[in-house]
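Protein chains in written order, with our numbering: chain A, 736 to 1227; chain B, 1360 to 1504.
Note that beta-carbon positions come from the ideal geometry of N, C-alpha and C, so glycine has one too.
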Amino acid sequence: MDSEGGVGRMKLNTEMRVNRITDEVWEIPMTEKSGMLVPARIYATPTILRSMDAGVFEQVTNVACLPGVRRYALCMPDGHWGYGFPIGGVAAFDVRTGIISPGGVGYDVNCGMRLIRTNLTREDVQPHLEQLMTELFRRVPAGVGASGFVRLDHAAFDDVMTRGARWCIDRGFGWHRDLEAIEEGGCIAGVDPSTVSDQARNRGMNQLGTLGSGNHYLEVQVVSTDRVFDQETASAWGITGQNQIVVMVHCGSRGFGHQVASDYLKVFEKAMRRYGISVKDQQLACAPFASVEGQDYFSAMNCAANTAFANRQVITHQIREAFSAVLGRSAEELGMELVYDVAHNIAKVERYPEGDLVVHRKGSTRALGPGSSDLTPRYRTTGQPVICGGSMETGSYLLAGTQGAMRDTFASTMHGSGRTMSRAQAKKTIRGEQVQKHMKQRGILVKAVSMSGLAEEAGFAYKDISEVVETVDRAGITKKVAELRPIGNIKG
Amino acid sequence: MSHAFHFLDDVAIADLAFDASGDSLQELFHGATCAVIEALADPTTVGSTWRKAIERTDEDPAELLFDWLSDLVYWKDAAGVVFSRSELTLTRQDHGCWNLTGVLYGEPVNGSAQTLRADVKGVTKHLYQLSQNGGRWTVRVVLDV
């Protein structure tokens, strides 16, 4: 449709009216769909807004119809169609009158990003890169059906669900100070493992310390001085530039989290009839947050979130071991400190002017600003690190949370670049071997379990992350700190 | 009797979608099962040393197929296997329910011997629809990867 606004008339993939609020914020009023309880807001430049698929507009307005939704249903600039909520979706619901929905969290509960710094430079690592990537590929299992080296029985797996990354630290898989650099300290309290099905347990017990496949990866990256945008903040987080080597991990709760989501979608389909809730899309199945079903899902989801924190912690241990083995120095000597670990598929109770709200972030990242009492002292003056993964060919970004995000977006921002081409189409366009060869020519060494999976992740299948990052920077909901360029990548 | 499936280019861009069809409900189940097996790994590279018999009953064939396909994803993780083939029989019971008896064949994941593909995390209800048109049964399935 043609949309009115200060930047002229635009052709969008929706018939709904989309009003310009600013150059980066667009609003769909409540009049555009029957049942909307709040307006929908999309963060995007005009170019990104034009490129957004029809699912974004349909789904963000469906979310605006859910009971107890407050202020706005939001979508970030990396948004695209998802199951129920769009990817990039953010919505907050009153804890007393609102709902909780697995469709607002995503199947891969606590899929998230972790960044580890080093004292190394590209010049230190380049001569050993092939050996390093081989060692990382060996130590961090990836791909279909991969199982990790940590052997758990049911009681131990209960401990992982309950204690998250803390469980790992107690067993020597990391350093105590790592916990200060993980959202929620790597452990969401108050969970009850009895809310998790046996099926979910059986899927998850062997997967600790594994990467998975799809868009999950482990990447060795370089930070050059000319790509550090906020020297003071970068320095506070141990990012020095000067061709510094950092390591990024993107993965979540694997099959375990998916089974939790699938289990409770079924529970909620039945519960909705009992609670008189109707939704615009079956994948938005939900239950009142305060109900037994809602609280059981919240507990099971947090079990999965803790398991994902533990998964990334075990992988971090393996990364440190690999670097240490190849470079002949201890991880401490290599300065392999955790910059941060942040979830981008989760629901959390947070306090806002409206009261206590269940904030759903699906393919979006918490972005607490400076001064937030929810941050550890280490980050209180800088704001929270936000780690955004781009395609494996283009690079990624480190951002900082702002008070603008806390005011405007329930402390939320983007999480990545977002796909523009389907996996099936990408595979028809290029072969995995070609992607691997092209990337090697560009100085990026890739190890992949599946060549077809590698083709699906080709850079051209994704949006330009730089434009997505510029949008959230200009909108004031995060600020750029540094760009991270890949030199080595491990894919499932 | 025949079944078929094909993966879709422009549905669910971040995941994998396919259409399956069959001359009968049982053939449709065969087609959809083959699609999930192919999504995980090239079945011609997978042996059959692992075997699992499964029986399910449901009055709604769409729910029965959904749960059966979800079984494949579950056993992929729980047993750490990929699949070479399946056998299944679908029968209508006296009280109207559909009964499925199936056997999955495969072997433990071994990346050096098998051509592995996507690690499917689950079957979704997005666009999920089972229908009969002109005597042929069809279903659209979106797999979360």
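Check                                                                                                                     : Outcome
Residue 1167 of chain A versus residue 1191 of chain A - alpha carbon distance                                            : 8 Å
Classification of residue 997 of chain A by the beta-carbon crowding that lies within 10 angstroms, buried from 16 upward : buried
Length of the line joining the Cα atoms of residue 1496 of chain B and residue 1395 of chain B                            : 17 Å
Where residue 771 of chain A falls: helix, strand or coil (DSSP)                                                          : coil
Residue burial classification, residue 1196 of chain A (beta-carbon count within 10 angstroms, cutoff 16)                 : buried
The segment 1171-1189 of chain A in contact with the segment 874-894 of chain A per 3-pair CB rule at 8 Å                 : yes
Proximal residues, the segment 1132-1145 of chain A versus chain B, C-beta separation under 7 Å                           : none
Member of B/1406, B/1488, B/1361, B/1392 whose CA lies at the smallest distance from the CA of residue 1467 of chain B    : B/1406
Contacts of residue 1485 of chain B in chain A (Cβ-Cβ under 7 Å)                                                          : 818, 1018
Close beta carbons around residue 993 of chain A, own chain, < 7 Å, minus the five adjacent residues each side            : 842, 843
Cutoff 7 Å; reference residue 864 of chain A; Cβ partners in own chain excluding five residues on either side             : 1180, 1222, 1223
7 Å Cβ cut-off: residues of chain B touching residue 875 of chain A                                                       : In chain order: nothing, as chain B lies at least about 13 Å away.
Below-7 Å beta-carbon distance, residue 741 of chain A vs any chain B residue                                             : Below a pLDDT of 50, predicted positions are generally treated as unreliable, and residue 741 of chain A, at 41, falls in that range; the measurement from the model is reported next regardless. It does not; no Cβ of chain B falls within 7 Å.
Beta carbon of residue 1105 of chain A nearer than 7 Å to that of residue 1118 of chain A                                 : yes
Length of the line joining the Cα atoms of residue 1368 of chain B and residue 1132 of chain A                            : 30 Å
Proximity test, Cβ basis, 7 Å: residue 879 of chain A and chain B                                                         : yes
Integer-rounded CB distance, given that residue 1384 of chain B should sit under 8 Å from residue 1362 of chain B         : That pair is no contact at about 11 Å.
Short CB-CB distance (under 7 Å) between residue 1433 of chain B and chain A                                              : yes
With 16 other Cβ atoms within 10 Å as the buried cut-off, status of residue 942 of chain A                                : buried
Where the segment 1363-1397 of chain B meets chain A: residues whose CB sits under 8 Å from a CB there                    : 1366, 1367, 1368, 1369, 1370, 1371, 1372, 1373, 1374, 1375, 1376
Contact residues within the segment 990-1018 of chain A, judged by C-beta distance below 7 Å to chain B                   : 990, 993, 997, 1017, 1018
Bridge partners - residue 734 of chain A, DSSP secondary structure assignment                                             : Absent from the structure is residue 734 of chain A, since the part of chain A shown begins at 736 and ends at 1227.
Short Cβ contact (7 Å threshold) for residue 1216 of chain A with residue 813 of chain A                                  : no
Pairwise C-alpha distance: residue 1500 of chain B and residue 1380 of chain B                                            : 11 Å
Start and end residues, beta strand (DSSP E) containing residue 795 of chain A                                            : No beta strand (DSSP E) holds residue 795 of chain A; the alpha helix (DSSP H) holding it covers 789-798.
Where residue 1369 of chain B sits in the DSSP three-state scheme                                                         : coil
Cβ-heavy atom distance, residue 1409 of chain B to the ligand SAM, below 6 Å                                              : No copy of the ligand SAM appears in this structure; indeed no ligand is present at all.
Status (buried if at least 16 other CB within 10 Å, exposed otherwise) for residue 1461 of chain B                        : buried
Spatial distance of residue 806 of chain A from residue 1030 of chain A (CA atoms)                                        : 23 Å
Where residue 845 of chain A meets chain B, residues with beta-carbon distance less than 7 Å                              : Here the premise fails: no neighbours, minimum Cβ distance about 14 Å.
DSSP-derived helix/strand/coil call for residue 1010 of chain A                                                           : helix
Interface flag, residue 944 of chain A vs chain B, CB-CB below 7 Å                                                        : no
Rounded separation between residue 809 of chain A and residue 1140 of chain A - CA only                                   : 12 Å
For residue 1147 of chain A, the residue or residues it bridges with in DSSP                                              : A/1101
Cutoff 7 Å: residue 1272 of chain A Cβ touching any chain B Cβ                                                            : The structure shown does not extend to residue 1272 of chain A, since chain A is modelled only from 736 through 1227, so no value can be given for it.
Interface partners of residue 1184 of chain A on chain B, CB under 8 Å                                                    : 1470, 1475
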